[in-house]
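Participant: So for the sequence shown, this note's numbering puts the first residue at 27; every next one is plus one.
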Amino acid sequence: GVMMDFEQVQVNISAVTGRTIKQNEALANQARELAVRYGEAATKVSELQLELIKMGFANKGITPVLEMTPAIVMGARAMGADPSELANMLGADLTAFNIPPSKANDVIDMYAKIADLSALDFSSMQTMLANSRSAWAQSGKPLEELLVLMAVLKNAQLHVATSGTGIKNMTIDNAVANKDLNEQLMKVINSENKIKQAYK
């Protein structure tokens, strides 16, 4: 059953990408190797490779996928995340913030560090980024600053989806009304009713 699942993902990769047999072999071999090295199922590794390919990271060859995959496997294990979901989140961040795939390991390190130093877990990070990533990236601010802001709001025990949407709204306000983000954030943190202030 495990072998059949693994082979099916390989078929999916071939169908989606139209890669050469040699390239598909390289992806499959990496999946097997990482499965042995990190104890992650080879099928899961292949699924995350497929996710990256579907997001366009193999448009100019499979090298970016091969480079990103080990960092995602290690990061997923460190954060208790599903590898494909982490691949999807990472891919969205790399694209939104114009970060080259060669820096994937640095971004995964940021995720893991912020999760380790705050109450921000993978699931919360995923939700907050989905709600705020686009506006934040368009404002020209770095991903690391967004992750820190998310951690501050999570540590203040604000609702995750509300916080993500709030960051988006504050980012748009800053651009339109030239408001100061830190000033708005401190109002939330210092308020007796943080939820009410966050909604404001």
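For each residue, glycine too, the CB sits at the ideal point set by N, CA and C. Fair warning: this is a prediction, and the values are worked out from it, not measured in the lab.
(1) Can you tell me which residues form a DSSP beta bridge with Gly87?
(2) Which class does Gln75 belong to by DSSP, given the choice of helix, strand or coil?
(3) Between which two residues does the alpha helix (DSSP H) holding Leu155 run?
(4) Note the first and the last residue of the continuous alpha helix (DSSP H) segment covering Ile134.
(5) Just how far apart, CA to CA, sit Ser128 and Glu93?
(6) Classify Ala177 as buried or exposed, calling it buried when 16 or more other Cβ atoms lie within 10 Å of its own Cβ.
(7) Would you call the stretch 154-162 and the stretch 100-110 in contact, with 3 or more CB pairs under 8 Å?
(8) Cα separation between Met212 and Ser149?
(9) Between the alpha carbons of Ile47 and Asp132, how many angstroms are there, rounded?
(10) Here's a check: name, in chain order, each residue in its chain whose Cβ is nearer than 7 Å to the Cβ of Arg103, leaving out the five neighbours to either side.
(11) What did DSSP end up calling Gly101 once you bin it into helix, strand or coil?
(12) At what residues does the alpha helix (DSSP H) containing Asp119 begin and finish?
(13) Indicate the three-state DSSP secondary structure (helix, strand or coil) for Ile193 in the structure shown.
(14) If you count every other CB in all the chains shown that lies within 10 Å of the CB of Leu76, and 16 or more means buried, which is it?
(15) Out of Asp135, Gln56 and Gly117, state which residue places its alpha-carbon closest to the alpha-carbon of Arg159.
(16) Determine the direct distance from the alpha carbon of Ala182 to that of Lys194, and round the result to whole angstroms.
(17) Taking the beta carbon of Asn114 as the centre, do at least 16 other beta carbons fall within 10 Å, making it buried, or is it exposed?
(18) Give the secondary structure of Lys48 by DSSP, where H, G and I count as helix, E and B as strand, and everything else as coil.
(19) Round the Cβ separation of Ala57 and Ala68 to the nearest angstrom and send it over; I've been treating them as touching at under 8 Å.
Facilitator: Taking the definition as stated:
(1) Taking the first residue of the sequence shown as position 1, residue 87 is located at position 61. Paired residue(s): Asn85.
(2) Numbered from 1 along the sequence shown, position 49 holds the residue referred to as residue 75. Three-state result, Gln75: helix.
(3) If you number the sequence shown from 1, residue 155 lands on position 129. Leu155 -> alpha helix (DSSP H) spans Phe148 to Gln164.
(4) For this step, residue 134 is matched to residue 108 along the sequence shown. Looking at the DSSP string, the run of the alpha helix (DSSP H) that includes Ile134 is Ala130 to Leu143.
(5) Residue 128 sits at position 102 when you count from the first residue of the sequence shown. Residue 93 sits at position 67 when you count from the first residue of the sequence shown. When rounded, the distance between both Cα atoms is 7 Å.
(6) Locating residue 177 in the sequence shown gives position 151, counting from the first residue. Looking at its Cβ environment, which holds 16 or more other Cβ atoms inside 10 Å, Ala177 is buried.
(7) no
(8) Taking the sequence shown and counting its residues from 1, one reaches residue 212 at position 186. Taking the sequence shown and counting its residues from 1, one reaches residue 149 at position 123. The alpha-carbon atoms of Met212 and Ser149 are separated by roughly 25 Å.
(9) Taking the sequence shown and counting its residues from 1, one reaches residue 47 at position 21. Taking the sequence shown and counting its residues from 1, one reaches residue 132 at position 106. Using only the alpha carbons, I get a separation of about 31 Å.
(10) Within the sequence shown, the letter at position 77 stands for residue 103. Within the same chain, Arg103 has close Cβ partners Tyr64 and Glu66.
(11) Along the sequence shown, read from residue 1 onward, the residue named residue 101 stands at position 75. Three-state result, Gly101: helix.
(12) Residue numbering aside, residue 119 sits at position 93 when the sequence shown is read from its first letter. Its alpha helix (DSSP H) spans residues Pro109 to Ala122.
(13) For the purposes of this step, residue 193 is taken as residue 167 along the sequence shown, with counting starting at 1. Helix at Ile193.
(14) Here the question's residue 76 lines up with position 50 in the sequence shown. With 16 or more other Cβ atoms within 10 Å, it is buried.
(15) Within the sequence shown, residue 159 is the residue found at index 133, counting from 1. Closest option to Arg159, Cα to Cα, is Gly117.
(16) Here residue 194 refers to the residue found at position 168 of the sequence shown. Here residue 182 refers to the residue found at position 156 of the sequence shown. Their backbone Cα atoms lie some 18 Å apart in a straight line.
(17) Residue 114 sits at position 88 when you count from the first residue of the sequence shown. Buried, because 16 or more other Cβ atoms sit within 10 Å of the Cβ of Asn114.
(18) Counting from one through the sequence shown, the residue named residue 48 turns up at place 22. The answer is helix: DSSP assigns Lys48 an H, G or I state.
(19) Start at 1 with the first residue of the sequence shown, and residue 57 comes out as number 31. Start at 1 with the first residue of the sequence shown, and residue 68 comes out as number 42. With a Cβ gap of about 4 Å, Ala57 and Ala68 count as contacting.
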